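Asker: Structure incoming, see below.
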Amino acid sequence: MIEFSIWDIFRNLLLAARWTVVLSLVAFIGGGLVGALLLVGRLSAARSAPGAQKTARMVRRALDGYVLLFQGTPLLMQLFLAYFGLALFGINVPAWVAAGVALTLYTSAYLAEIWRGCVDAIPKGQWEAAQSLALNFGEQLRYIVLPQAVRIAVPPTVGFLVQVIKGTALASVIGFIELTKAGTMITNATFKPFVVYSCVALMYFALCFPVSLYARKLERKARNGR
Amino acid sequence: MRVELDFMAVLSQWPLLATGVVWTLGLTAISSVAGVFVGMAFAWARASGPSWLRWVVGTYVELIRNTPFIVQLFFIFFGLPALGFKLSPEIASVLAMVINLAAYATEIIRAGVEATPRGQIEAAESLALNRVQIYTRVVLPPALKKVWPAMVSQIIIVMLGSAVCGQISTQELSYAANLIQGRNFRAFEAFIVATLIYLVLSVAVRKLLNWAGPKFLFGR
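Chains U and P, in that order, give the protein sequences. For what it's worth, our numbering labels the leading residue of the first sequence as 1, then goes sequentially. For what it's worth, our numbering labels the leading residue of the second sequence as 227, then goes sequentially.
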């Protein structure tokens with residue numbers, strides 16, 4: 001048996017924490033892109049021609065269902081489904097692909113919902129004014145609505161990053177070796193669960209707490225107005 | 227290629243799934259009642275307790291809110307026995323869920339408590355109510371009413387989070403799904419069924435809490 005000093009434990013966990021960071025970034029950026037697509041889909045459906053009301057309603061229902069599905073089921077189940085579901089089609093997926101896909105979809109549902117709230121907070125008059133200036137839908141979004149919506153959207157989006165980082169811990173269950181999985185493996189080798197899980201918890205805290213503080217600061221700034 | 231799905235293989239194991247649902251709901255019920263009550267007490271400590279207590283509760287809230295639930299669970303189940311506290315998987319699960327929910331509940335309730343108009347507290351003081359009476363009868367009911375939607379969402383997040391408790395062999399729904407796929411190798415079907423049950427549960431629990439909160443907790 002190899003003797004592990006506290007430093008060995010800490011160093012190995014730190015190495016594994018890189019993968020937590022990478023997975024968080026993949027999920028956050030991927031989720032942001034998919035979430036933005038969902039948002040644009042919803043907005044363009046809402047502003048469709050009077051003749052296309054039925055399609056518009058269907059698009060809206062589908063997006064509501066998507067959000068409900070991801071917010072109303074455990075992330076762990078989503079991970080299992082991505083892992084075993086993709087394997088069902090004969091694709092042998094490594095754990096990190098399944099984790100990346102599941103976390104991206106999960107993040108996209110939450111971000112789409114957060115951003116929808118921000119766009120809804122923009123007064124209707126802004127859209128109408130943009131329309132009366134003969135801007136088309138893309139231009140209305142690009143020059144009038146989004147610049148205002150982004151400003152309110154930043155604090156909750158940064159806040160959600162904390163949820164994403166914590167969510168990546170579940171990828172350990174399907175065998176992706178990130179911080180939590182490394183903690184379990186080191187525990188099995190050292191029989192020092194108390195020390196190891198304390199270190200794991202502290203590392204998550206060190207990752208998440210600054211982000212939380214930053215989100216709170218942004219929120220305060222947004223509330224007090226510039 | 228053709229993919230054959232066999233849901234009957236999973237549904238025929240319905241007693242396991244039913245046990246899982248009962249466990250999931252039971253864990254959620256216990257931890258939400260305990261979590262909300264602890265949250266009420268801690269919200270008071272955080273809003274108007276002595277400064278050392280404020281600091282302690284604040285640290286607890288930040289520690290819990292900035293670490294993943296699965297790590298908290300593993301710490302309690304695997305870490306604490308090293309110090310001599312041996313816990314069964316079920317007790318560890320409940321403990322982790324209460325500790326987790328209470329931290330969020332503290333912040334949620336505190337937001338409501340701090341929104342109480344000063345005049346109401348002064349009015350209660352002039353009626354010679356003591357501090358406990360003022361908090362439980364004057365401050366809390368409207369505060370809970372204000373923050374109840376956020377509270378309900380958090381309880382549902384904790385219920386969905388309880389899927390992780392299966393990892394330490396608590397027999398809740400995700401554990402049942404795992405058991406079934408271990409028996410018949412129908413992993414995808416088992417998790418689809420479990421996921422849909424969770425979806426139904428989260429919609430139903432939200433409805434139930436939206437009804438129960440006003441009825442039992444803060445009137446009207």
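Positions of the beta carbon are idealized from the N, C-alpha and C atoms, including for glycine. All values reported here derive from a predicted model rather than from experimental measurement.
1. With distances taken Cα to Cα, identify the nearest neighbour of A235(P) among S400(P), I406(P), L435(P), A438(P).
2. What in chain U is Cβ-close to Q393(P), meaning under 8 Å?
3. Can you give me the C-alpha to C-alpha distance between F323(P) and T104(U), rounded to a whole angstrom?
4. Measuring CB to CB, does A121(U) end up less than 9 Å from A149(U)?
5. Short of 8 Å Cβ to Cβ, which residues in the stretch 284 to 317 of chain P face chain U?
6. Could you tell me how far apart the beta carbons of V67(U) and A112(U) are, in whole angstroms, since I believe they sit closer than 8 Å?
7. If the criterion is Cβ atoms closer than 9 Å, does the pair V262(P) and A271(P) meet it?
8. Closer than 9 Å, CB to CB, is G167(U) near chain P or not?
9. Determine whether the Cβ of K192(U) lies closer than 9 Å to any Cβ atom of chain B.
10. Spell out whether any CB of chain U is found under 9 Å from the CB atom of F263(P).
11. Over the uninterrupted alpha helix (DSSP H) stretch that includes Y214(U), give me the two end residues.
12. Only counting the same chain, and skipping five residues up and downstream in sequence, which positions put a Cβ closer than 8 Å to that of A169(U)?
13. Using a Cβ cut-off of 9 Å (strictly closer), state whether S400(P) contacts chain U.
14. R409(P): buried (16+ other C-beta within 10 angstroms of its C-beta) or exposed?
15. Could you tell me whether any Cβ in chain U is nearer than 9 Å to the Cβ of A413(P)?
16. What residues in the stretch 77 to 96 of chain U bring their beta carbon closer than 7 Å to a beta carbon of chain P?
17. Note down, in chain order, every chain U residue with its Cβ under 9 Å from the Cβ of Y424(P).
18. Taking the straight line between their C-alpha atoms, what separation do you get for V365(P) and Y214(U)?
19. Starting from the C-beta of R280(P), find all residues in its chain whose C-beta is less than 8 Å away, skip the five residues before and the five after it, and write them out in chain order.
20. Which residue's Cα is closest to the Cα of P375(P): P440(P), G275(P), F301(P)?
21. Kindly say whether Q380(P), judged by its beta-carbon, lies nearer than 9 Å to any beta-carbon of chain U.
22. From Y153(U) to F70(U), what does the alpha carbon distance come to, in whole angstroms?
23. Is G30(U) helix, strand or coil by DSSP?
24. Taking G387(P) as the query, report the chain U residues whose CB atoms sit under 9 Å from its CB, ordered along the chain.
Answerer: By the coordinates alone:
1. For the purposes of this step, residue 235(P) is taken as residue 9 along the second sequence, with counting starting at 1. Nearest option by C-alpha distance: I406(P).
2. Indexing the second sequence from 1 puts residue 393(P) at position 167. For Q393(P), the C-beta contacts it makes with chain U under 8 Å involve V173, in order along the chain.
3. The count along the second sequence starts at 1 and reaches residue 323(P) at position 97. The count along the first sequence starts at 1 and reaches residue 104(U) at position 104. Looking at the sequence itself, residue 323(P) is Met, so the reference to Phe does not match. Going by the C-alpha atoms only, they are around 26 Å apart.
4. Translated into the one-based positions of the first sequence, residue 121(U) becomes position 121. Translated into the one-based positions of the first sequence, residue 149(U) becomes position 149. Pairing A121(U) with A149(U) gives a Cβ-Cβ distance under 9 Å.
5. Residues passing the 8 Å Cβ filter: E288, L289, R291, N292, T293, P294, F295, I296, V297, Q298, F300, F301, F304, G305, L306, P307, A308, L309.
6. Within the first sequence, numbered from 1, the residue matching residue 67(U) stands at position 67. Within the first sequence, numbered from 1, the residue matching residue 112(U) stands at position 112. Confirmed, Cβ separation roughly 6 Å.
7. Translated into the one-based positions of the second sequence, residue 262(P) becomes position 36. Translated into the one-based positions of the second sequence, residue 271(P) becomes position 45. Taking 9 Å as the Cβ cut-off, V262(P) and A271(P) do not qualify as a contacting pair.
8. Stepping through the first sequence from its first residue, residue 167(U) is reached at position 167. Interface annotation, G167(U): in contact with chain P, CB-CB separation under 9 Å.
9. The structure shown has no chain B; the protein chains it does contain are U and P.
10. Indexing the second sequence from 1 puts residue 263(P) at position 37. Interface criterion not met: the Cβ of F263(P) is under 9 Å from no Cβ in chain U.
11. Position 214 of the first sequence holds residue 214(U). Counting along the chain, the alpha helix (DSSP H) containing Y214(U) begins and ends at 193 to 224.
12. Residue numbering aside, residue 169(U) sits at position 169 when the first sequence is read from its first letter. Result list for A169(U): T20, E178, L179, T180, Y204, in chain order.
13. Position 174 of the second sequence, counted from the start, is the residue given in the question as residue 400(P). Yes, S400(P) counts as interfacial toward chain U.
14. Counting from one through the second sequence, the residue named residue 409(P) turns up at place 183. It counts as exposed.
15. Taking the first residue of the second sequence as 1, we reach residue 413(P) at position 187. Interface residue (Cβ-Cβ distance to chain U less than 9 Å): A413(P) is classified as such.
16. Per Cβ criterion, the list reads M77, F80, L81, F84, G85, L88, F89, G90.
17. Here residue 424(P) refers to the residue found at position 198 when the second sequence is read from its first residue. The contact set of Y424(P) on chain U, defined by CB atoms closer than 9 Å, consists of G72, T73, P74, M77 in chain order.
18. For the purposes of this step, residue 365(P) is identified with residue 139 of the second sequence, where counting begins at 1. For the purposes of this step, residue 214(U) is identified with residue 214 of the first sequence, where counting begins at 1. Linking V365(P) to Y214(U) through their CA atoms gives a straight-line distance of about 30 Å.
19. To locate residue 280(P), count along the second sequence from 1; it is residue 54. So the qualifying residues of the chain are A271, R272.
20. Start at 1 with the first residue of the second sequence, and residue 375(P) comes out as number 149. Measuring from the Cα of P375(P), the nearest candidate turns out to be P440(P).
21. For this step, residue 380(P) is matched to residue 154 along the second sequence. Taking Cβ atoms only, chain U never reaches closer than 9 Å to Q380(P), which makes this a no.
22. The sequence position of residue 153(U) within the first sequence is 153, counting from 1. The sequence position of residue 70(U) within the first sequence is 70, counting from 1. Per the sequence shown, residue 153(U) should be read as Ala rather than Tyr. For the pair A153(U) and F70(U), the Cα-to-Cα distance works out to about 20 Å.
23. Position 30 of the first sequence, counted from the start, is the residue given in the question as residue 30(U). Helix at G30(U).
24. Taking the second sequence and counting its residues from 1, the one referred to as residue 387(P) is at position 161. Correct list: P74, L75, L76.
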